[in-house]
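First residue of the sequence shown? That's 38 in the working numbering, and the numbers climb one at a time after it.
Just so it is clear, CB atoms sit at the ideal spot from N, CA and C, and this is done for glycine as well.
Bear in mind that the values here come from a model prediction, so they are computed numbers and not experimental data.
The next block holds one structure in the form of C-alpha cells; read it before the comments.
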Amino acid sequence: MVSPWQLLGLDAEADTRSIKRRYAQLLKQHRPDEDPEAFQRLREAYEYAIEWASQEVPEPASPPELDQPSVVVVPEPFGNGQRAFVPLSATQEAHLDEQARIAFLIDTCESLDIALLDAREANLEREFQLELVRRCEERDERALEILRWAMARLDWLTPWQADYLPPVAMAQLAQRLLEVELAELRASLPVISESRFHHRVYELARQKWLRPLELNRQLQQALVPILERYEQASVELIERLERLFGWSEQDGYLPCDGERWAALLARLASEKELRMLRALLAVSQPQTPEQRAAWFLFRPMSNGQRRRMADGFGEQDWQACQALAATVRMPHRPSVQGVLYFPEWRQWRPREWGAFAALYAWLLTALVLLINQAYRPSAADGQSLLRDGLLALVASAVTIALLSLLRRGWGWMARRLASLDVWLSRFILPAGVWRQGAGLLLIRHLLPATMFALLVGAWAKHVPWAAALAMMTFIGSVCFLAAVTAGASPTGWWTLLRRGIGGRAVLMLMLWLAIIVGGTLLAGLVGPEVRKSYLQRATEGRADLLNPCARPADAQAA
C-alpha cells in the first residue's frame with residue numbers, strides 16, 4: 038500500500054499551504070461523484086498530512102541502551118482499513134470540508150462568477166473571499182486576474198469591501214496593484230500617444246481603490262519620473278494633468294519639489310518650441326510670415342542669401358521675427374538639436390532714414406547752389422543774389438526729387454545684385470562697417486554717395502574749394518549712411534544739440550533764425566529798395582517785372 042505522502046506526491050517536510058494546494062489539484066482528478074473510493078483515500082491522506090504538518094515534531098531522543106535487544110514491532114502497512122493519524126474533531130473536519138469545497142469551486146468552475154454563486158448558495162461566501170485573498174497573495178498572473186475580478190465584483194480595496202477581509206493583506210494588495218499599473222504605464226512609453234497616455238492616467242486616477250490619500254499621492258509622485266522619460270509629453274499634457282490632480286505652483290501643491298517641476302516644464306516648453314520650429318523649417322519654400330521668420334532666424338544661410346531675404350521682408354515679416362524671438366527660449370545659444378539660432382537678426386532690419394537723407398541732400402544742394410551763385414563772376418547786386426538763392430532752392434528741390442526717383446531705381450538694382458554686393462563689400466569695407474552684409478555696402482550705399490559728391494562738386498564749379506566741398510560731401514554721406522545702417526537715429530544731431538544746450542534754448546534759436554531769414558527774404562522781395570529799383574528800371578525801359586513777356590532792352594538794341 039502507498040503512504041499518504043506518496044498518494045499526495047509530496048515529501049514529509051511539506052508545509053500546510055503546499056498540502057492544501059496539492060489537494061486542490063488532485064480533487065480535479067478524483068471527484069467524489071465519479072470515484073468515491075479514490076476520493077476517500079485522497080481525503081484520508083490529506084487529513085493525515087495536515088495533522089502531521091500542524092504538529093511540532095520534537096527532536097528524537099537517543100534510544101536508551103538495553104542489555105537485551107528490544108522487540109521489533111513492524112507496523113501494518115497503510116490501508117487495510119486502518120488510519121495512520123489521529124482522527125480530527127468534527128469542527129476541524131467541517132472546516133477542512135469547507136476549504137476543500139471552496140478550493141474545488143475555484144479550480145473547477147468555468148468562471149469565478151459561477152463559483153461565487155455556488156459559494157453564496159452554500160453560505161460560504163466568507164470562506165470564498167478569504168480563499169481569494171490567500172490566492173491573490175501568490176505572485177503570479179492568476180493572482181492578479183483574481184484581484185481585478187474581486188475589485189469589480191466584490192468592491193475590494195474600497196470602503197464597501199467585506200469587513201472580515203484582513204486590512205494588512207488588502208493594503209499590500211493595493212500597493213502591489215499600483216506597482217503593476219505603473220509598470221505597465223512605463224512599458225508603454227515608447228509607443229503610446231499623448232492622448233492615450235492621458236486617458237490611461239485619467240482612468241487610473243478615477244479608480245475607487247486609489248481614492249485613499251496615500252495611494253493617490255504615490256501615484257502622483259510616480260508620474261513625475263514617467264513624464265521626465267516620456268519623449269512625446271507636452272505642455273498641454275501637463276496642463277491637463279494639473280486640472281486632473283489639482284496641481285498648482287501658486288498654491289504650492291505639486292507632485293515634486295519646485296525646482297524639479299520647473300526643470301520639467303522648461304524641458305517640455307523647449308521641446309514644444311523645437312517641434313514648432315522643425316515644422317516651420319520643413320517647408321520647401323516659406324509662404325507665411327511665420328515661416329519666413331523661422332527661416333531667417335533659425336535656418337543656416339550665407340550672408341548674400343540673408344541679405345536678399347531681408348530685402349524682401351515687409352513689416353509683417355519683421356513683426357513675426359520679433360514674436361518668434363520672444364517666444365522661443367533660446368537666448369544666444371548657437372545650436373539646439375540641429376536648429377541654429379541667429380541672434381544678430383535685429384541689425385538686418387532696415388531703418389526709416391530715406392526722408393531725412395532727402396531733406397539733408399536738399400539743404401546741402403541749395404546751399405551749394407547759393408554759394409556757387411555768390412562766387413559766379415557775373416554776380417549782380419543783393420537783389421539778384423537773393424533771386425538766385427530762391428532759384429537755387431527750387432532747383433535743388435527739383436534735383437532732389439529726381440535723385441529720389443533715381444535712388445529707388447538704384448535700390449531695386451542693388452537688391453538684385455545683393456549677393457555680389459555683399460561679396461565685394463566683404464573684401465573692400467572694414468568688418469565693423471560691413472557687418473556681414475547688414476551694414477554699409479559698396480553698390481547699395483557707396484556708389485550713390487560717390488555720385489552725389491561728384492554732382493555737388495560739379496554744381497560748385499565757381500567755388501575755389503569745390504573739390505574739398507565734394508570730398509566733405511562724400512565723407513559726410515558715408516558717415517551718415519554708416520550710422521543709420523548701424524541703427525543710429527538720422528536725427529541724432531538734434532538729440533545731442535538738445536541735450537547740450539537745452540530743448541527750449543534750441544527752439545528759441547531756431548525761431549530766431551527763422552525770423553531773421555524770413556524777414557530778409559521778405560525785405561528782398563517787397564522792400565523799399567526793391568520798389569525803388571523797380572521804378573528806376575521801369576522808367577529807363579530796361580525791364581518790366583510785371584510783364585514777363587516783355588523783351589529785354591539789350592534784345593531791342595540788338
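Residue 226 sits in coil when the DSSP states are folded into three classes, being neither helix nor strand.
In the structure shown, residue 148 falls within a coil segment according to DSSP collapsed to helix, strand and coil.
Residue burial is scored here from C-beta neighbours: residue 464 has fewer than 16 other C-beta atoms within 10 angstroms and is therefore classed as exposed. Residue pairing from DSSP places residue 285 in a beta bridge opposite 290.
The Cβ atoms of residue 491 and residue 507 lie closer than 8 Å to each other. Taking residue 309 as the centre and dropping the five residues before and after it, the same chain places the C-beta of 271, 272 closer than 7 Å to its C-beta, in chain order. Contact check for residue 226 against residue 185 fails: the beta carbons are separated by 8 Å or more. Per DSSP, reduced to three states, the secondary structure at residue 407 is helical.
In the structure shown, residue 454 adopts coil according to DSSP, grouped into three states. Contact fails between the region 489–505 and the region 471–478, because fewer than three Cβ pairs, one in each stretch, are under 8 Å apart.
Contact between residue 510 and residue 489 holds, with the beta-carbon distance rounding to 7 Å and staying under 8 Å.
In this structure, the beta-carbon distance from residue 86 to residue 42 falls below 8 Å. DSSP places residue 325 in no alpha helix (DSSP H); its state is neither H nor E.
Selection 47, 404, 407, 472 evaluated against residue 383 yields 472 as nearest (Cα-Cα). In the DSSP annotation of this structure, the continuous segment of the alpha helix (DSSP H) that includes residue 57 starts and ends at 53–64.
Between the beta-carbon of residue 137 and that of residue 64 there is about 7 Å, and that keeps the pair under the 8 Å contact cut.
Three or more beta-carbon pairs drawn from the region 429–437 and the region 391–405 are found closer than 8 Å, and the two stretches are therefore classed as touching. Residue 322 and residue 256 have their C-alpha atoms roughly 47 Å apart. Here DSSP, grouped into helix, strand and coil, assigns residue 202 to coil.
Judged by their CB atoms, residue 231 and residue 274 are nearer to each other than the 8 Å cut-off. The alpha-carbon separation between residue 173 and residue 183 amounts to approximately 7 Å.
Around the beta carbon of residue 57, a 10 Å sphere encloses 16 or more other beta carbons of the protein chains shown; the residue is thus reported as buried.
A straight-line Cα-Cα distance of about 12 Å links residue 440 and residue 392. At a Cβ-Cβ threshold of 8 Å, residue 504 and residue 409 do not count as neighbours. For residue 338, there is no enclosing alpha helix (DSSP H), as DSSP marks it with neither H nor E. Residues of the same chain with a CB within less than 8 Å of the CB of residue 285, apart from the 5 flanking positions on each side, are 279, 291 in chain order. Residue 161 and residue 139 have their C-alpha atoms spaced approximately 8 Å apart. In the structure shown, the three-state DSSP call for residue 484 is helix. When DSSP states are grouped into helix, strand and coil, residue 442 belongs to the helix group. Burial state of residue 339 is exposed, judged by a 10 Å Cβ sphere holding fewer than 16 other Cβ atoms. Going by beta carbons, residue 301 and residue 264 fall inside the 8 Å limit. Between residue 82 and residue 45, the CB-CB gap stays under 8 Å.
For residue 164, the enclosing alpha helix (DSSP H) stretches over residues 162–173. The alpha-carbon of residue 325 is positioned some 51 Å away from that of residue 250. Taking 8 Å as the cut-off, the Cβ atoms of residue 398 and residue 437 count as close. Assignment of residue 491 by DSSP, reduced to helix, strand and coil, places it in the helix class.
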